[in-house]
Amino acid sequence: MDITEKGRLSAYEQLKTYDPSKTNHLVKTLILEGYDGIQVPGIMRRVEGTAFKGMVAVGFSSPYRYGKGQGRLRVPAFVPKEEIVKTITPYQVLEKPISGRTSCLKALQEVNELAKNLNINLGVWGSSGLEVYTGLPYTDKDSDLDLLIRGQDFKVIEEFYFSLLAISKKYGCQIDPELDLPNGYGVKLAELFMHTTDVLGKSMKGVNLIPKKTILEML
């Protein structure tokens with residue numbers, strides 16, 4: 078989501094109050110200043126612990142890796158609801174061009190064409206989604222490709238999933254697709270095609286086991 082300067086400052090000031098250790102220059106760049114003139118969007122997250130009235134739980138993730146473990150800087154924060162300018166879904170991200178800069182983005186280009194041919198609604202999130210949306214170098218040789226799909230035909234979804242396995246092998250990129258259900262939950266396609274009766278569903282409100290029979294009835 079796109080956030081006003083006032084909203085970003087509010088998020089940063091809250092961190093200074095509740096956890097001063099999280100307000101170094103790297104965090105300031107991530108939340109307030111951005112990189113190469115580009116602001117990092119906030120990512121809506123599930124609230125863990127205390128929720129604040131009138132505030133939206135977001136997370137900020139840096140395009141660069143830091144420290145010995147070479148991990149991304151990830152900062153959870155809260156932003157006043159009225160300071161959110163625009164909310165962008167994973168599906169809307171793919172209205173932007175895909176650069177093909179790294180192997181996972183090349184894989185995304187091919188997956189995007191496949192989804193169009195199968196009439197599957199495709200969305201992207203994670204590092205690939207952030208790079209497509211901002212143009213910042215979020216992906217590298219170790220990046221996964223996180224996808225969200227909507228589809229009404231189980232056979233088509235099955236064809237799509239097994240095609241993804243081939244694309245994953247072709248580009249050496251781990252692809253992690255989730256099926257977006259009408260009840261607000263998402264389930265991993267890999268689990269849906271396992272020999273189990275239930276699948277773990279995740280939503281902004283929590284997690285639940287969902288019978289496969291129920292999922293098939295939704296399609």
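Taking the numbering used here, the leading residue of the sequence shown gets 78, the next gets one more, and so forth.
Where a beta carbon is used, it is the ideal one built from N, C-alpha and C, also for glycine.
- prompt: Taking isoleucine 252 as the reference, which of Asp275, Phe231, Asp221 and Gly228 has the closest Cα?
  reply: Selected option, being the one with the closest Cα: Asp221.
query: Sorted by chain position, which residues of the same chain lie with C-beta nearer than 6 angstroms to arginine 123's C-beta, five sequence neighbours on each side aside?
result: The beta carbon of arginine 123 lies closer than 6 angstroms to those of Met281 in the same chain, with the five residues before and after it left out.
- request: Out of Tyr248, Phe270, Met295 and Val188, point me to the one whose CA is closest to leucine 18's CA.
  value: The structure shown has nothing for residue 18, since the chain only spans 78 to 296.
query: Under a Cβ-count criterion, where at least 16 other Cβ atoms within 10 Å of its own Cβ denotes burial, should threonine 164 be classed as buried or exposed?
result: Exposed: under 16 other Cβ atoms inside 10 Å.
task: Tell me, please, whether the stretch 127-136 touches the stretch 102-110 by the rule of three or more beta-carbon pairs shorter than 8 angstroms.
output: Judged by Cβ distances under 8 angstroms, the stretch 127-136 makes no contact with the stretch 102-110, as fewer than three pairs qualify.
- prompt: Since leucine 207 is in the alpha helix (DSSP H), which residue starts that stretch and which ends it?
  reply: Run containing leucine 207: 203-211, per the alpha helix (DSSP H) assignment.
Distance between asparagine 101 and proline 140 (C-alpha atoms, nearest Å): Answer to the nearest angstrom: the Cα atoms are 17 angstroms apart.
Beta-bridge partners of aspartate 79, as assigned by DSSP: Looking at the DSSP assignment, aspartate 79 forms a beta bridge with Lys163.
query: Quick one: Cα of glutamine 91 to Cα of glycine 263, how far?
result: Glutamine 91 and glycine 263: Cα-Cα distance of roughly 31 angstroms.
message: Restricting to runs no shorter than 4 residues, where is the alpha helix (DSSP H) found entirely within the stretch 183-247?
response: The qualifying runs are 203-211.
query: If we call anything under 9 angstroms between Cβ atoms a contact, is valine 156 one with glycine 119?
result: Valine 156 places its beta carbon less than 9 angstroms from that of glycine 119.
- prompt: What distance in whole Å lies between the Cβ atoms of leucine 266 and tyrosine 238, which are believed to be in contact at a cut-off of 8 angstroms?
  reply: 5 angstroms between Cβ atoms; contact.
- request: Determine the direct distance from the alpha carbon of phenylalanine 137 to that of alanine 243, and round the result to whole angstroms.
  value: The C-alpha of phenylalanine 137 is placed about 32 angstroms away from the C-alpha of alanine 243.
query: So what does asparagine 285 bridge to, in DSSP terms?
result: Gly278, per the DSSP bridge assignment.
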